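**Q** Quick one: structure below, then a few questions.
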Amino acid sequence: AQSVTQLGSHVSVSEGALVLLRCNYSSSVPPYLFWYVQYPNQGLQLLLKYTSAATLVKGINGFEAEFKKSETSFHLTKPSAHMSDAAEYFCAVTPNNQGGKLIFGQGTELSVKP
Amino acid sequence: EPEVTQTPSHQVTQMGQEVILRCVPISNHLYFYWYRQILGQKVEFLVSFYNNEISEKSEIFDDQFSVERPDGSNFTLKIRSTKLEDSAMYFCASSLNSGTGDEQFFGPGTRLTVL
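As they're listed, the protein sequences go chains A and B. By our numbering, the letter at position 85 of the first sequence is numbered 85, and the numbering carries on one by one without gaps. By our numbering, the letter at position 69 of the second sequence is numbered 183, and the numbering carries on one by one without gaps.
So, in structure tokens, the structure goes:
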């Protein structure tokens, strides 16, 4: 069965520092991959998605992620953290040809220190 | 900008009671989903719905759960006899297409507390 692993349930960075949130998936066939963000008391919002086009995907708010098939990874990065980036981040996959359900990782809470 | 809405934002119920969680998906979307997140755990898929029938459901979605699109705009999740372990945040989502990497748009969630 498909699974998603996010390394680190909590990541803390200083404002202006690099943000790196890790995501690995298990699949013999590259799935569709997503990063969602959840701000307090809000629903999940799509940051970016990989659907077998370019391996480097740019999303909203300056985030990007690189699909690496050899490492089965889809890590999320942002060069310079902003206080407003503090939120919960979820990596998710939709297995190919298995309908649209999303399989989520356990989430990573990002804290940004001034 | 169109958005998915959910009501109520918080529902408190007694164990054994029936609850109905309501969602209004984005109007031109065709695929609808329910997910739940137990406190401290990952978001889990419950069910997907298309063309007025369930297209896929998880092991969690047992006979106590049902979904309905009663009037072409609302999408409801019913839990017939709630258990303590049903306490969770329930998210509704909708998408235009399914299985093609389409974005799912999520509502803000309903927090269900079963006492």
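All C-beta atoms, glycine included, are put in the ideal place defined by N, C-alpha and C. Computed from a predicted structure; not experimentally measured.
Would you tell me roughly how many angstroms separate the C-alpha atoms of Lys78/A and His10/A, rounded to the nearest one?
**A** Position 78 of the first sequence, counted from the first residue, corresponds to residue 78/A. Position 10 of the first sequence, counted from the first residue, corresponds to residue 10/A. About 16 angstroms.
**Q** What are the residues that DSSP puts in a beta bridge with Glu64/A?
**A** The residue labelled residue 64/A in the question sits at position 64 within the first sequence. Paired residues: Lys58/A and Thr77/A.
**Q** If you follow the beta strand (DSSP E) that Gln38/A is in, where does it begin and where does it stop?
**A** The residue labelled residue 38/A in the question sits at position 38 within the first sequence. It spans Tyr32 to Gln38 - the beta strand (DSSP E) in which Gln38/A sits, taken as one unbroken run.
**Q** Hey, is Gln218/B's beta-carbon within less than 8 angstroms of any beta-carbon in chain A?
**A** Indexing the second sequence from 1 puts residue 218/B at position 104. Judged by the 8 angstroms Cβ criterion, Gln218/B is in contact with chain A.
**Q** When you check each C-beta in the stretch 62 to 95 of chain A against every C-beta of chain B, which residues fall closer than 7 angstroms?
**A** Here the close residues are Phe90 and Thr94.
**Q** Within the 8 angstroms Cβ cut-off, does Gly223/B reach chain A?
**A** Position 109 of the second sequence, counting from 1, holds the residue named residue 223/B. So yes, Gly223/B belongs to the interface.
**Q** For the structure I just gave you, are there three or more beta carbon pairs, one from the stretch 160 to 180 of chain B and one from the stretch 83 to 103 of chain A, closer than 8 angstroms?
**A** Touching, per the Cβ criterion.
**Q** Does any residue of chain A bring its CB to less than 8 angstroms from the CB of Glu167/B?
**A** One-based indexing of the second sequence puts residue 167/B at position 53. Closer than 8 angstroms: no.
**Q** Taking C-beta to C-beta, are Leu46/A and Phe63/A nearer than 8 angstroms?
**A** Here residue 46/A refers to the residue found at position 46 of the first sequence. Here residue 63/A refers to the residue found at position 63 of the first sequence. No, the pair does not count as a contact, with Cβ atoms beyond the cut-off.
**Q** Taking C-beta pairs closer than 9 angstroms, name the residues in chain B that Thr55/A reaches, listed in chain order.
**A** Locating residue 55/A in the first sequence gives position 55, where the first residue counts as 1. Under the 9 angstroms cutoff, chain B gives no residues; its nearest Cβ is about 14 angstroms from Thr55/A.
**Q** Could you work out which residue in Ser3/A, Ser27/A and Lys113/A is closest to His82/A when comparing CA atoms only?
**A** By one-based count along the first sequence, residue 82/A stands at place 82. Comparing Cα-Cα distances from His82/A to each of Ser3/A, Ser27/A and Lys113/A, the minimum goes to Lys113/A.
**Q** For Gln117/A, which of Thr51/A, Phe74/A and Ala87/A has the nearest alpha-carbon?
**A** What the structure shows of chain A is the stretch from 1 to 114, and residue 117/A is not part of that stretch, so it cannot be assessed.
**Q** So Ser230/B and Tyr145/B are supposed to be a Cβ contact under 8 angstroms. How far apart are they, rounded?
**A** Chain B is shown only over 115 to 229; residue 230/B falls outside these bounds and no answer can be derived.
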